[in-house]
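Number of protein chains: 4
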Amino acid sequence: MALKTKNEYIESLRSLNPTVYMFGKRVKDVVENPRIRAGIEATGATYELAEHPEHRNLFVTLSPLIHEPINRFNHPPRSIEDLVARVKINRTLARMVGTCHQRCTGMDCMCALSIVTFNVDQKYGTKYHDRVMEFIRYMQKNDLTGNAGVTDVKGDRSLSPKEQPDKDAYLHVVEKRDDGIIVRGAKAHQTGSLSSHELIILPTRALRKSEEEFAVAFAIPSDAKGIIHVVGRSSLDTRELEGYDCGNVNYSKYAPTVIFDNVFVPWDRVFMLGEVEFAVDLVSRFSAFHRQSHGGCKAGKLDCMVGAALNMIDFNGTQNANHLKEKIIDILYRSETLYGCSLAASYEGKQEPSGTYFINPVLANASKIHEGKEMAEAARLMIDVAGGFVADLPSDRDFDNPEIGPLIKKYLKGAAGVPSEHRIKMFRLVEKLAMESADTISDIHGGGSPAAHRMTILRESDLEARKKAARRLAGIPEDKP
Amino acid sequence: MALKTKNEYIESLRSLNPTVYMFGKRVKDVVENPRIRAGIEATGATYELAEHPEHRNLFVTLSPLIHEPINRFNHPPRSIEDLVARVKINRTLARMVGTCHQRCTGMDCMCALSIVTFNVDQKYGTKYHDRVMEFIRYMQKNDLTGNAGVTDVKGDRSLSPKEQPDKDAYLHVVEKRDDGIIVRGAKAHQTGSLSSHELIILPTRALRKSEEEFAVAFAIPSDAKGIIHVVGRSSLDTRELEGYDCGNVNYSKYAPTVIFDNVFVPWDRVFMLGEVEFAVDLVSRFSAFHRQSHGGCKAGKLDCMVGAALNMIDFNGTQNANHLKEKIIDILYRSETLYGCSLAASYEGKQEPSGTYFINPVLANASKIHEGKEMAEAARLMIDVAGGFVADLPSDRDFDNPEIGPLIKKYLKGAAGVPSEHRIKMFRLVEKLAMESADTISDIHGGGSPAAHRMTILRESDLEARKKAARRLAGIPEDKP
Amino acid sequence: MALKTKNEYIESLRSLNPTVYMFGKRVKDVVENPRIRAGIEATGATYELAEHPEHRNLFVTLSPLIHEPINRFNHPPRSIEDLVARVKINRTLARMVGTCHQRCTGMDCMCALSIVTFNVDQKYGTKYHDRVMEFIRYMQKNDLTGNAGVTDVKGDRSLSPKEQPDKDAYLHVVEKRDDGIIVRGAKAHQTGSLSSHELIILPTRALRKSEEEFAVAFAIPSDAKGIIHVVGRSSLDTRELEGYDCGNVNYSKYAPTVIFDNVFVPWDRVFMLGEVEFAVDLVSRFSAFHRQSHGGCKAGKLDCMVGAALNMIDFNGTQNANHLKEKIIDILYRSETLYGCSLAASYEGKQEPSGTYFINPVLANASKIHEGKEMAEAARLMIDVAGGFVADLPSDRDFDNPEIGPLIKKYLKGAAGVPSEHRIKMFRLVEKLAMESADTISDIHGGGSPAAHRMTILRESDLEARKKAARRLAGIPEDKP
Amino acid sequence: MALKTKNEYIESLRSLNPTVYMFGKRVKDVVENPRIRAGIEATGATYELAEHPEHRNLFVTLSPLIHEPINRFNHPPRSIEDLVARVKINRTLARMVGTCHQRCTGMDCMCALSIVTFNVDQKYGTKYHDRVMEFIRYMQKNDLTGNAGVTDVKGDRSLSPKEQPDKDAYLHVVEKRDDGIIVRGAKAHQTGSLSSHELIILPTRALRKSEEEFAVAFAIPSDAKGIIHVVGRSSLDTRELEGYDCGNVNYSKYAPTVIFDNVFVPWDRVFMLGEVEFAVDLVSRFSAFHRQSHGGCKAGKLDCMVGAALNMIDFNGTQNANHLKEKIIDILYRSETLYGCSLAASYEGKQEPSGTYFINPVLANASKIHEGKEMAEAARLMIDVAGGFVADLPSDRDFDNPEIGPLIKKYLKGAAGVPSEHRIKMFRLVEKLAMESADTISDIHGGGSPAAHRMTILRESDLEARKKAARRLAGIPEDKP
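Note that the protein sequences, when read in sequence, are chains X, B, Y and V. Using our numbering, the first residue of the first sequence is number 34, and each one after it goes up by one. Using our numbering, the first residue of the second sequence is number 34, and each one after it goes up by one. Using our numbering, the first residue of the third sequence is number 34, and each one after it goes up by one. Using our numbering, the first residue of the fourth sequence is number 34, and each one after it goes up by one.
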């Protein structure tokens, strides 16, 4: 019974009781809050496609841990095929939900932990790896959703964690007890934290000796005592809340700030504690996996953007404008280069000592730099194709108003045979795809800042080999200036 | 008494009684509606700066028509200096309001009409030019704000106006009477229509013989009978309505669809009627003027974006990150190339037969193509500099909540000495500058579609001279292949 | 004895006697002509690496046709692994020779022919496939190099082949005889035609009924009677000819126009004749393969460009300039996205009915569009890093001059410990990598024009699926507007 | 008699006797050396247009110094009109010669000196300004061409001038005598040094106390004793030397390294000596002027590139390919934004204490950053439009060869009615415009490195004002964080 249906997933969330604030008010029933629900629906698609005849084979695999069929989102890759499947399920999902489905971050944490804890244990004789694998078994058996908690709020960026006036700027251990540890801090941009059963916490950066208290990794239920989810603002957030003008009629994204206000974590959920030199490995593995996830996901979102732009051409009657066709191609090729680079990062992956496969980090980071630069251009092109109503389309409520509704429908009529309502909805979708901040800004900052991706690619590339190649061509000794 | 104070301007709007819908409901008092008011405040800045000791000289000039000091927004340029001032007042204003101030479109219509009606009269012996100048005198004397009504809703784009199944897709004359005409249709993207006293309507495209009914230009009070303003949605529209999380605390933009449901226009306000061959001249003059306005305005918005990014660096404590400095430069140089090109379009302007000066259309259109491509890149860079909270910052209401407010302020503390509140407000401003749709999408579609600007630059450039220059260099006869 | 050493390869070229002109003069001994030799050396590297202990495993495979080890350049892929190896050998080679090695085009023709002739035979009962496989066996057994002849000179582009005033603008059959056919026409941009033993000719475009004479594919020795190679000009061509200031000391590229002046082709070398509807399939398969080859090759060239830029930083003493590091990253990530997309095109390949594997054409074309846009940017960045001497460095002969040589060396001294000679040679390499036309312009036009790649990606993408996805998200019926 | 004809100019160069090396050999008669002559012809165009009825008014002005008509190239601007004329003469010239005309650098030095020496004199009571103005009078009276010597060879870039192991890496004073000074060093990239009568030398960078010996500015005849011009290599340099396949049939560019091997400069030609704090002012004024010159010049070159591309469309018969039209527009708008920004830098100039007008440095530097990024893109687009023969077109000598000439002409025939010769020559011109290194690389490095332009724009922009504007919008105090 490893696999949950989408409905079972949603019901399972009802049994949680997280502490949630939105716009200054407590939210009691997250499943019924329409904004959070739109996010839950997106995560729900990961369950739905695992049941879907066409997609089940892609989404479900047999677990070597529990020997049952499981959803790949709880499956650390054991082969190249597994790595490739990561990208493909993300593209399929993003094409289906048109936004972030929010379940990849937990997977990416489990993948990173399954690699790094093995290495930590090798060095220190600790038992982290067993704990992690046990946790993953639990996730698999119950088909749960995990959420990554990586990005600390960071306080003053010019200071290291321990130099901060308020050390809570980086989540850290404040007490070690017999039964577990107490942690305090806050993690920002926690996409889908309320669509998740478990939060999986990693350090956010490289750490040095004497910063042991910050070198902590663990998992904790999303409704554990002391955890407060503050669902912040995104650009179109009131649309779901008010139930109209949503653009994407079923799905959306939200990303709370999650505060850990003296939260207890039992020892069997602690996956790292004080091994500072492994912090950078953990966060960079996570980031590399997550950048690869993005490659699939954003390619799928670009598919929706291409689709929206093509429909707008049909609905506006602009099929004969050649320059619009060129713009479609300009979006298309960006989606494929992104997808291709991310796939290649999978195909060129390697097995780590723990048995988990790791993607090629240079290719994964290259795809993310590409994403950060090209998604904005793709959105610009889609807006250009669609037209100015992306900015100021009358509301559904105007269309429903008996006095002006008919007038507006009349004036928003486009190509013959296309109902005004359809054209209007497509404009609304374009608005959502281009102007929704929670999803759009992850193109730039998701999986760490662009600067981090850039440093990674520089560090991971074999620069000496390139220098030698050039020296050889120039006819000078390869090994010295 | 030609000049109104900002307060007098706002009071003058109270005396109007336009028909307005927003989100399906009638809006009775536009001045008190916080969303529309944020737009009115932005237009109000055009009055405020005309009183401001530092800026008065730039904003106020002596009218050759009424021989009194007037606001330049009602002044068709009579010199190169006047053309240049157009760009500079727009940059100054945009830097002050951080968004569209909404008063340039009316000015751009008056400029275009003052040129083209003269030429129409020359050909046909009509009296349009006198009417236009009389209208401008009226605008000057009362320091009124005009609004451009150019963009028709256009229906099926593959069809010409008269081929449309519903001819109302292009605003047209449905009846000529002794005292005036009756018009029907709708104009989209009417930025600031409710911040304006008068709507000034032009055709939206080139017209051909037998399309006389669409070749109509006129002015009409914004609250005339039959005019319905439908204020559509923009991405952050509920922020002003709810009065928190506004980012730009005072100013915003809105752009209604304005329906003309059998509106009567008296003859003295009719500025063109049936002279189809001049329609393209009118719209392309307007567009060229408006593209030049954009050059100043968007440079000023980029100033705010640079400022916001610089503050974020201070507030985050990232002054030592060299790559952020490079990104600041990347925004800066874009603002200056845009501004420079727009200024050059002014300095290289020429006097038209009517006496009004016209800008250099190639340079004006080049600046707009540049804008359409580079503003999105600038926004991306600003987001990159600022960080991920642009996407999901907790709400002001969370900060005000006694339970979680202190926690959130604690966790949003950045650099030493910077109050969390300031950092939060600056993130909010970045969100507004990057993700507000009404203003952002005008970077692409404002003043007509990018494709239109591109065709204009191709048409207005002397391609033959360039071909000859190349032939001469290549050593082949200049005058034949 | 299937594999030739590099020396045997070069010797084998001496036994050919092609008709060659360069700069208006007959070239008798192509192997000893230093310009052509630099190209031959580059192709020679494909033989050299097949002997190289580190690379042999990558370059050599067992032929299922002749059951001997062969060079992969004569091996139509029989597996995904084979497709992947195509990209990797190209990157390895380009990193070694820093330019085009010229042997991939023949391979790409053989690959395309091995797929399409099978399909032609299926339809028409012809025997082309056997002939092609026999030809490939011959190439494998003798480890020969093939060269693609695809791009016709095309005459007036506004006319189809048969509408041309001079039908020879497209290579075509002028006579069918008992023993074979006579063809006439010319193929442009025949990279490495004189480094090759055999020319493999395909149609250049889609053909229609009544254009049967142009639907011709065949192979012919590069020195067959009637074939004239005219080695044109490239930007640095005299450097090799004069033997100094070469930049790349060993390797270069040349690309003759090859005229077929009534050339006889025996029937066993005719691979298509008149099956017009397959012409487009043949050329688009070839192009897709070739675009994928480019992905590996240009990534390898970018490796050399990164290496040259890094050396220039060392040699100039500019290690502390952070912005230069950013520029290195900007080249690096471009090389990896290109490589990644090309690899993905391989990994996502599929087997065709003939047994040959075909790459994913969408990904292959996406990589080529990316290449066309980004290689120029990479060159710009490399020049920026290197400095102005790329434009006007004194000549080797100046350095050798006893009067001014010492002075120039003194003034070209850079960082401490770096001999001036090395810095000078590295500047020269940068010049070669950035300003050599034959190689650089293939970034744009290689494998067909950018417009062709763009149309291919549009045609091969499933646009309907994307439209449906968007409709579903927008909440409108998936199957109608 | 202030103005020379072009012939008089060329004759005047014959009377000079500079020490020149090219490719390791002494060049005795520079005027008859075809490569240098092509550069001299380009400079000659500055004389030719001053006689040309259509252009004389633009090029000639009345000198306030000698009260005679002079060529603007010896005229430090005394008004905004003069600043604007600088840009326009450069665009006109570049459109005429299709490359660098080489006379602007001397003008830019005279402009900078006329400003800065005045300020030095104010501080130190020196007499530099009088000497400079006397020198300018001399230049004007004899209508001479001056050449800027700014860029030192710089040695190890990580070291300051005085830290260099060999101080000659920066030109400096090695002896002060009663009658003058002795200088030693070398200046790189001395575009047109042999087309000039006088070399005008400025320091290349900011200098500090104890670096007095490097703070030297002066003028010296280009054939003075001890001056050695080493004409280096550019990518197409042998074309002019061999007299065929030139592309640009009359004009070209060369840029020697000029060595100052203990050169004597009399006191009346010394314009700065030891006033270290003014070095940065001198070089940055020069650079700003020169960046503005580029704006005009490169816009004119882009005109030729547009023209060449348009002709290629005609000659290939590709008028119906819409995407080519889009590419033309993409070049066009780049030329106009560059021109516009450069014009604006002029129109927004200001008078300096010395009376000379200085351009707006922010706008001038913005135009150069834009140039550095967009020229490469324009070249790419032109190549895309033209087609692959840019890389490998047969030589003129092939066309002249009786055996293959007719065949090649046959196969290079394009659109009906266009002689093959014309199409061939236009391809050759495209090659020259895109692949000639001396001119192309100045797009990036001309007037100082891109990094220098970027730092200038950052330093010269009022960042505090922008920060305040953003603070005000965000609703936080303007004057503190």
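For glycine and all other residues, C-beta sits at the position ideal for the given N, C-alpha and C.
* To do: Can you say whether residue 164(X) is buried or exposed, counting buried as having 16 or more other CB atoms within 10 angstroms of its CB?
  => buried
* Asked: Any chance the stretch 74–88 of chain Y sits against the stretch 104–124 of chain Y, with 3 or more Cβ pairs inside 8 Å?
  -> yes
* To do: Compute the Euclidean distance between the alpha carbons of residue 456(X) and residue 447(X), then round it to the nearest angstrom.
  => 7 Å
* 8 Å Cβ cut-off: residues of chain Y touching residue 143(V) -> Those within 8 Å of residue 143(V) in chain Y number zero; the least Cβ separation is about 23 Å.
* Asked: Using Cβ-Cβ distances below 9 Å, what residues of the stretch 441–475 of chain V are close to chain X?
  -> Within the stretch 441–475 of chain V, contact with chain X at the beta-carbon level (separation under 9 Å) is assigned to no residue.
* When DSSP labels each residue in this structure, what does residue 361(V) get in the three-state scheme? -> helix
* In whole angstroms, what is the alpha-carbon distance linking residue 62(V) and residue 47(V)? -> 8 Å
* Asked: Within the 7 Å Cβ cut-off, does residue 355(V) reach chain X?
  -> yes
* With C-beta atoms as the reference, is residue 315(Y) less than 7 Å away from residue 363(Y)? -> no
* Three-state secondary structure assigned by DSSP to residue 405(B) -> helix
* So, is residue 123(V) buried or exposed, given that buried needs 16 or more other C-beta atoms within 10 angstroms? -> By the 10 Å Cβ count, residue 123(V) comes out buried.
* Give the DSSP bridge partners of residue 216(B), in chain order. => 206(B) and 296(B)
* To do: Could you tell me whether any Cβ in chain X is nearer than 7 Å to the Cβ of residue 158(B)?
  => Under the Cβ distance rule, residue 158(B) does not count among the residues neighbouring chain X, no pair being separated by less than 7 Å.
* Pair within 7 Å by beta-carbon distance, residue 404(X) and residue 365(X) -> no
* Count the C-beta pairs between the stretch 228–243 of chain B and the stretch 169–187 of chain B that are closer than 8 Å, then say yes if the count reaches three, no if not. => The answer is yes - the stretch 169–187 of chain B touches the stretch 228–243 of chain B, with three or more Cβ pairs under 8 Å.
* Rounded separation between residue 544(B) and residue 279(X) - CA only -> No answer is possible for residue 544(B): it lies beyond the span of chain B, which begins at 34 and ends at 514.
* Interface residues of the stretch 383–412 of chain B facing chain Y [CB-CB below 8 Å] -> none
* Asked: Listing by chain order, which chain V residues have their CB less than 9 Å from the CB of residue 104(B)?
  -> Within chain V, no residue comes near residue 104(B); the closest Cβ sits about 22 Å away, beyond 9 Å.
* **Helix, strand or coil at residue 258(X) according to DSSP, with G and I counted as helix** => coil
* To do: Determine whether the Cβ of residue 75(Y) lies closer than 7 Å to any Cβ atom of chain V.
  => no
* For residue 287(V), which of helix, strand or coil comes out of DSSP? -> coil
* Would you decide whether residue 435(V) is buried or exposed? Buried here means 16 or more other CB atoms lie within 10 Å of its CB. => exposed
* CA-to-CA distance, residue 376(X) to residue 395(X), given in whole angstroms -> 12 Å
* Could you give the DSSP three-state label for residue 185(B): helix, strand or coil? => Residue 185(B) sits in a strand when the DSSP states are folded into three classes.
* Where does residue 56(Y) sit, in a helix, a strand or coil, going by DSSP? -> coil
* In three-state DSSP terms, what is residue 436(X)? -> In this structure, residue 436(X) counts as coil in the three-state DSSP scheme.
* Let me know if residue 262(Y) comes out buried or exposed under the rule of 16 or more other beta-carbons within 10 Å of its beta-carbon. => buried
* **Range of the contiguous alpha helix (DSSP H) that encloses residue 148(Y)** => 137–157
* Cα-Cα separation, residue 460(X) to residue 71(B) -> 25 Å
* Asked: Within this structure, are the beta carbons of residue 472(X) and residue 132(X) separated by less than 7 Å?
  -> yes
* Under a CB-based cut-off of 7 Å, is residue 519(Y) close to chain X? -> Lying before the first or after the last residue shown, residue 519(Y) is absent from chain Y, which here runs from 34 to 514.
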